[in-house]
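Asks: Dropping a structure here in structure tokens format, bear with me for questions.
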Amino acid sequence: MDLYEHQAKELFGRHGIPVPAGRVATTPAQAGAIAAELNAPVVIKAQVKTGGRGKAGGIRTAAGPVTAEVEADRVLGMDIKGHVARSVLVETATVPFEEYYAAFLVDRAEGGFLAMVSSQGGMEIEELAATDPDALVRLPVDPVAGVDAETARALAAKAGLPEQAAETLEKLWRVLVAEDALLVEVNPLICTTDQRIVALDGKVTLDDNSAFRHSWEQEEHADGLEARARAKGLNYVKLDGEVGVIGNGAGLVMSTLDVVAGAGAAPANFLDIGGGASAKVMADGLEIILDDPDVRSVLVNVFGGITACDAVANGIVTALELLGERGHGRPIVVRLDGNNAEVGRRILSDARHPAVRQVSTMDGAAGTAARLAAGA
Numbered sequence: 001m002d003l004y005e006h007q008a009k010e011l012f013g014r015h016g017i018p019v020p021a022g023r024v025a026t027t028p029a030q031a032g033a034i035a036a037e038l039n040a041p042v043v044i045k046a047q048v049k050t051g052g053r054g055k056a057g058g059i060r061t062a063a064g065p066v067t068a069e070v071e072a073d074r075v076l077g078m079d080i081k082g083h084v085a086r087s088v089l090v091e092t093a094t095v096p097f098e099e100y101y102a103a104f105l106v107d108r109a110e111g112g113f114l115a116m117v118s119s120q121g122g123m124e125i126e127e128l129a130a131t132d133p134d135a136l137v138r139l140p141v142d143p144v145a146g147v148d149a150e151t152a153r154a155l156a157a158k159a160g161l162p163e164q165a166a167e168t169l170e171k172l173w174r175v176l177v178a179e180d181a182l183l184v185e186v187n188p189l190i191c192t193t194d195q196r197i198v199a200l201d202g203k204v205t206l207d208d209n210s211a212f213r214h215s216w217e218q219e220e221h222a223d224g225l226e227a228r229a230r231a232k233g234l235n236y237v238k239l240d241g242e243v244g245v246i247g248n249g250a251g252l253v254m255s256t257l258d259v260v261a262g263a264g265a266a267p268a269n270f271l272d273i274g275g276g277a278s279a280k281v282m283a284d285g286l287e288i289i290l291d292d293p294d295v296r297s298v299l300v301n302v303f304g305g306i307t308a309c310d311a312v313a314n315g316i317v318t319a320l321e322l323l324g325e326r327g328h329g330r331p332i333v334v335r336l337d338g339n340n341a342e343v344g345r346r347i348l349s350d351a352r353h354p355a356v357r358q359v360s361t362m363d364g365a366a367g368t369a370a371r372l373a374a375g376a
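Following the UniProt record's numbering, the numbering of the sequence shown begins with 1 at its first residue and continues without gaps.
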């Protein structure tokens, strides 16, 4: 479960990590009142579970209560990559002297934990890794030994962070362990002009399997794509790309995301319809994906097993009938393989739906979806 920034910072505060003073507002009037209480210039930050808030205009500064109310009114209701800002974090504006990056995460590839720290914070970590990989220190963390004070000091020194940042790194590791987190990230972690280390932002992903040990509740909004998908019983995660992806089985969907990326496009979502690829499930999935304004093409990648491909094909045909004109706007690439694949392909061919293109291989289907998303 991803936490909102204000939830992550509340969690940081429990573990002694300094964060700016602030509270959450759901109306412009509340934002103004919080700014008045803080009695200082503030930052209004959209609370959405996606990146790119600043570039989208979801982070604004305000000199006082009146300006805070105006800026909050601009941010509330803003759509940022399919996530609608229904609340804002109003917090004291903190001027950084230096900005850093710090994260601890589960490294699935190595079956352990990984620390990532850099003296260059405030930018997308993917961009930093691509443009200046030497600026990002990566250090495997022994799950038994963990990160003690000595390890934290060594990590800070290697990354070029000031000595006082080591204590915060140690506490961030404690957050990961104590809260059963899969990811704890601060970007930027700052040093102020008076040499204080402050977490100016926060991103935390908790392990859903540990929910019984914790009290965090899902804080979703009724019109968010992920919330709507959850209400329909769909396993859906919004991503930042342009190719919508539907598959049956988490492993197959993850592989599909990789193949789409390898074809030069970016997946817009993770959507696993599981084994019950009925017409209703398919219609619900397509509805969610086609309501995402970032989606330019859709890739349906199904391997027939318990649910045969002819049932999946009938589900797609029925789903497109149910969606009507909404199913015509963007191309839908379908790859069927496995149980009754030939029958399923014939059903789709006979339907002659103008939005549907069939491709027999996963690589070919991903390449076709990528080209269509690019307008080729």
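We put the CB at the ideal spot given by N, CA and C, even for glycine.
Buried or exposed, going by whether 16 or more other CB atoms sit within 10 Å of the CB of Arg326?
Replies: Looking at its Cβ environment, which holds fewer than 16 other Cβ atoms inside 10 Å, Arg326 is exposed.
Asks: Do you know how far the Cα of Val147 is from the Cα of Glu163?
Replies: Cα to Cα, the separation comes out at about 15 angstroms.
Asks: Go ahead and label Phe212 buried or exposed: buried means 16 or more other beta carbons lie within 10 angstroms of its beta carbon, across all protein chains shown.
Replies: Result: exposed.
Asks: Which residues mark the beginning and the end of the beta strand (DSSP E) in which Leu76 is found?
Replies: First-last for Leu76: undefined, no H or E at that position.
Asks: Helix or strand or just coil, what does DSSP make of Asp223?
Replies: In this prediction, Asp223 has a pLDDT of 48, which is less than 50 and means its spatial position is unreliable; what the coordinates show is noted afterwards. Note: Asp223 maps to coil in three-state DSSP.
Asks: In three-state terms, what does DSSP make of Asn187?
Replies: If DSSP states are grouped into helix, strand and coil, Asn187 belongs with the strands.
Asks: Could you spell out the range, first to last residue, of the beta strand (DSSP E) harbouring Pro96?
Replies: Start and end: 96 to 107.
Asks: Going by Cα to Cα distance, which pick from Ser255, Leu3, Ala36, His83 is closest to Gly58?
Replies: That would be His83, whose Cα lies nearest to the Cα of Gly58.
Asks: Work out the CA separation of Ala231 and Glu220 for me, nearest whole Å.
Replies: Annotation note: pLDDT 49 at Glu220 (below 50); position unreliable, no value reported.
Asks: Quick one: what's got a C-beta closer than 7 angstroms to Glu69's C-beta in the same chain, skipping five residues either side?
Replies: Cβ neighbours of Glu69 beyond the five flanking positions: Pro28, Ala29, Ala31, Gly32.
Asks: On the CB-based measure, 16 or more other CB atoms within 10 Å of its CB, does Asn209 come out buried or exposed?
Replies: With fewer than 16 other Cβ atoms within 10 Å, it is exposed.
Asks: Given Ala365, which residues of its chain have a CB within under 8 angstroms of its CB, disregarding the five upstream and five downstream residues?
Replies: Excluding sequence neighbours, Ala365 sits near Leu299, Asn301, Val333, Val334, Arg335, Val359.
Asks: From the DSSP secondary-structure annotation, give me the bridge partner or partners of Lys203.
Replies: BP columns for Lys203 point to Glu185.
Asks: To the nearest angstrom, how far is the alpha carbon of Asp223 from that of Gly329?
Replies: For Asp223, the predicted structure reports a pLDDT of 48, less than 50, and the residue's modelled location is therefore unreliable. The matter cannot be settled from this model.
Asks: Span of the beta strand (DSSP E) holding Ser297?
Replies: First-last of the beta strand (DSSP E) with Ser297: 297 to 304.
Asks: Contact between the segment 169 to 182 and the segment 76 to 90: three or more CB pairs below 8 angstroms?
Replies: The segment 169 to 182, when compared against the segment 76 to 90, does not touch it at the 8 angstroms Cβ threshold.
Asks: Helix, strand or coil: how does DSSP classify Gln358 here?
Replies: Correct three-state label for Gln358: strand.
Asks: In chain order, what residues of the same chain lie with their CB nearer than 6 angstroms to the CB of Glu99, ignoring the 5 residues before and after it?
Replies: For Glu99, where only same-chain residues beyond five positions count, the Cβ hits under 6 angstroms are Gly121, Gly122, Pro188, Ile190.
Asks: State the Cα-Cα distance for the pair Val137 and Leu239, rounded to the nearest angstrom.
Replies: Roughly 26 angstroms between the two C-alpha positions.
Asks: Count Cβ pairs between the segment 108 to 118 and the segment 88 to 96 that sit closer than 8 angstroms; are there 3 or more?
Replies: As far as the Cβ criterion goes, the segment 108 to 118 does not touch the segment 88 to 96, which means the pair count is below three.
Asks: Identify, in the order they occur along the chain, each residue of the same chain with its Cβ nearer than 6 angstroms to the Cβ of residue 386, setting aside the five sequence neighbours on each side.
Replies: Beyond the ends of the chain as shown, which are 1 and 376, falls residue 386; an answer cannot be given.
Asks: The beta strand (DSSP E) spanning Thr92 covers which residue range?
Replies: Run containing Thr92: 88 to 92, per the beta strand (DSSP E) assignment.
Asks: Could you tell me the distance, in whole angstroms, from the CA atom of Gly13 to the CA atom of Glu185?
Replies: Distance between the alpha carbons of Gly13 and Glu185: 14 angstroms.
Asks: Name the DSSP beta bridge partners of Ser118, please?
Replies: Bridge partners of Ser118: Tyr101, Leu136.
Asks: Can you tell me which of the three DSSP states Ile197 falls into?
Replies: Note: Ile197 maps to strand in three-state DSSP.
Asks: How is Ala265 classed by DSSP in three states: helix, strand or coil?
Replies: If DSSP states are grouped into helix, strand and coil, Ala265 belongs with coil.
Asks: Comparing alpha-carbon positions, which option in Leu172, Ala130, Thr318 lies nearest Ala149?
Replies: Of Leu172, Ala130, Thr318, the residue nearest in Cα terms is Leu172.
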